[in-house]
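Asker: Here numbering that gives the first Met the number 0 is used: the first residue of the sequence shown is 0, the next is one more, and so on.
For glycine and all other residues, C-beta sits at the position ideal for the given N, C-alpha and C.
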Amino acid sequence: MTPQQMEILAFEKRWYTAQGSKEADIAERFSLSPIRYYQLLNQLLDDPAALAAEPVLVKRLRRIRDERALSRRSAPRVAV
0 MTPQQMEILA FEKRWYTAQG SKEADIAERF SLSPIRYYQL LNQLLDDPAA
50 LAAEPVLVKR LRRIRDERAL SRRSAPRVAV
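1. Which residue comes first and which comes last in the alpha helix (DSSP H) that contains M0?
2. Sort S20, A23, R59 and D65 by Cα distance to L8 and report the nearest one.
3. Looking at the structure shown, is D45 part of a helix, part of a strand, or coil, going by DSSP?
4. With the cut-off set at 8 Å, would you say Q4 and L43 are in Cβ contact?
5. Assuming S30 is part of the alpha helix (DSSP H), what are its boundary residues?
6. Should L40 and E22 be called a contact, given that it needs their Cβ atoms to be closer than 8 Å?
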């Protein structure tokens, strides 16, 4: 894993206790837009090395990601 990938996992691990805007923290800490950060995080969640390094964190984040995807698929469509 790259240093940036390890830093992303460390950031996600501590986020529960952090205060303030996560998007602002992402921009300040990683110099990334929130969209790019979440793209990298999602790639990382599918990486076996990340699972080996932080199994509890990666499994929790995968579960959250999967629940959100399921709720988006099952949400009723509204015509605009």
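Answerer: On the basis of the coordinates in this document:
1. Element bounds for M0: n/a, residue is neither H nor E.
2. Cα-wise, what sits closest to L8 is R59.
3. In the structure shown, D45 sits in coil (DSSP, three-state: anything other than H, G, I, E or B).
4. Taking 8 Å as the Cβ cut-off, Q4 and L43 qualify as a contacting pair.
5. Looking at the DSSP string, S30 is not in any alpha helix (DSSP H), and its letter there is neither H nor E.
6. By the CB criterion at 8 Å, L40 and E22 fall outside the cutoff.
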